[in-house]
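Numbering (this note's numbering), first residue to last: 34 to 292.
Even for Gly, the Cβ is constructed at its ideal location relative to N, Cα and C.
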Amino acid sequence: MTWDPRGKVAVVTGASSGIGDAVARRLAGVGMTVYAVARRTERLEALAGDHPTVVPHTADVTDQAAVDALAERVRSDHGACHALINNAGIGGGAFRGRDDLDDALRTIETNLHSVVRCMASFADLLEAGAPSRVVNVASVAGKLGIGPAAYAASKFGVVGFSEALSLSWRARGITVCQLNPGYIETEGFTQEQIKRSPAGRLVGQPDIVADAVADVLANGRTERTVPSFYRAFVTLRHLAPPLYFAVAKRMERASGTRE
Ligand SMILES: NC(=O)c1ccc[n+]([C@@H]2O[C@H](COP(=O)([O-])OP(=O)(O)OC[C@H]3O[C@@H](n4cnc5c(N)ncnc54)[C@H](OP(=O)(O)O)[C@@H]3O)[C@@H](O)[C@H]2O)c1
C-alpha cells in the first residue's frame, strides 16, 4: 500500500542546516507538517518563513527534558507522529588519548544517545501514527570503521540500534531505516580536504539525501546508502578485507583524519 505523505506529521532533528534543512524542505514540499528541530532558532524561523507547514522548535537533542517537551508538543497538536527523522549530529576529531575524551563522549552523546532519547520519547506517538516511519541518519562510517573513531563508534551504534528495531518494531506498524550517507558537503562536514583529493568527485550535496529520505518514507525500506555505490566498499570490507584496508588507508589519508 502506498504511503501518502500529504497531511502527515514529521519531526526532523538537526533541521537548521545541511542535510536536515534539505530534508525538512523536501518533506514540507510534499505536503507534510514538519517540526524542524535544532538549537539555532533564527535558522529554523527562516526555514518556516519559506515553508508555511514547517513548525520551528528549538531544542537540544542531548537534553531529555527538551526531547520530552518536543514530543508533548506534537502530542498536544496532533496526537500522533508519522515520520521521525533523527538527523542531528556532529563530527569528531581524531582520537589520540585523554585530551580527546570529552570530545569523543560529546560525539557519542549527540549522535547515538540522542537517537535513543528521541525514539524513546516518540515511540507511542509513532505507534499512534502507524503505519509510521523512523529514518535514522547514520553514515557509511557506521558500516566501515573509517574516519574519526568516536564518530565511527557513534554511527556503528546507530546502525545496530536501527537494525534491531527494524525487526522488533515492525509488529507495531513502525518501520525503522538506517540511512547511510557518504561524503556530503555541509557546514559541519565541509569536506575541504577530500574535495582537494582524487576522491573529491565522491562528494555529494544534501539534496541527494533529502531525495533518499522521501523515497524511504514512500517505500518503507529499512536500509539505504546514499549514493548507492558506497555499498561496494561495504561488500569489499567483508569479502576481501586486505584489498578493502588498502583502499581505506588511502581514503583516510585523503580525508585528513590522521592529522
Ligand atoms: N555531511 C556528511 O558527509 C555526512 C555523512 C554521513 C552522515 N552525516 C550525518 O548527517 C547528519 C547531519 O549532518 P550535516 O552534514 O547536515 O551537518 P550540519 O550541517 O552541521 O548539520 C547538523 C545539524 O545537527 C544539529 N545539531 C547538532 N547538535 C545538536 C543538538 N545537540 N541538538 C539539536 N540539534 C543539533 C545542528 O543544529 P544546531 O547547531 O542549530 O543545533 C544542525 O542542524 C549528522 O548526523 C551527520 O553525522 C553527514
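Ignore the nearest five residues each way along the sequence and tell me which others in residue i's own chain have a CB closer than 7 Å to its CB.
i      : result
Phe222 : Gly124
Gly64  : Pro38, Arg39 and Gly40
Ala245 : Leu212, Arg257 and Val259
Asp133 : Gly126
Under 6 Å Cβ to Cβ from residue i, same chain only, skipping five residues before and after it: list those, please.
i      : result
Asp101 : Ser154
Ser201 : none
Gln97  : Arg150
Tyr277 : Leu269 and Arg270
His115 : Lys41, Val42, Gly162 and Ser165
Tell me the DSSP bridge mates of residue i?
i      : result
Thr35  : Beta-bridge pairing links Thr35 to no other residue.
Ala116 : Ala43 and Arg166
Gly237 : Ile217
Leu256 : The residue asked about is misnamed: residue 256 is Glu in this sequence, not Leu. Gln211.
At what residues does the beta strand (DSSP E) containing residue i begin and finish?
i      : result
Thr268 : Segment Tyr263 to Leu272 is the alpha helix (DSSP H) holding Thr268; no beta strand (DSSP E) there.
Closest to residue i by C-alpha separation, out of the options, would be which residue?
i      : options                           : result
Arg264 : Pro214, Gly233, Arg58 and Thr140  : Pro214
Asn169 : Ser49, Ala161 and Ala197          : Ala197
Gly47  : Leu177, Gly122 and Arg129         : Gly122
Phe189 : Arg205, Ala174 and Pro231         : Ala174
Ala161 : Val148, Ala71 and Val107          : Val107
Ala287 : Thr208, Ser230, Asp133 and Cys114 : Ser230
Ser172 : Gly126, Asn144 and Arg203         : Asn144
Ser50  : Gly62, Leu80 and Asp157           : Leu80
Arg72  : Pro274, Glu105, Ala92 and Asp110  : Ala92
So, at 8 Å on beta carbons, what are the nonlocal neighbours of residue i in its own chain, with the 5 sequence-adjacent residues on each side left out?
i      : result
Leu138 : Ala183
Trp36  : Pro164, Arg166, Leu250, Ala251, Asn252 and Gly253
Ile52  : Asn120, Val170, Pro214, Ile217, Thr219, Pro239, Val242 and Ala243
Quick check: is any heavy atom of ligand 2 less than 6 Å from the C-beta of residue i?
i      : result
Gly237 : Absence of ligand 2 from the depicted structure is noted, with ligand 1 being the only ligands included.
From what residue to what residue does the alpha helix (DSSP H) around residue i run?
i      : result
Trp226 : The sequence as given places Gln at residue 226; Trp does not occur at that position. Glu225 to Lys228 is the span of the alpha helix (DSSP H), which, as asked, contains Gln226.
4-residue-minimum alpha helix (DSSP H) runs that sit fully inside the stretch 58 to 96, ordered along the chain
The DSSP assignment places 74 to 83 as complete runs of the alpha helix (DSSP H) inside the stretch 58 to 96, in order along the chain (cut-off: 4 residues).
Restricting to runs no shorter than 4 residues, where is the alpha helix (DSSP H) found entirely within the stretch 115 to 201?
134 to 141, 147 to 161 and 182 to 201
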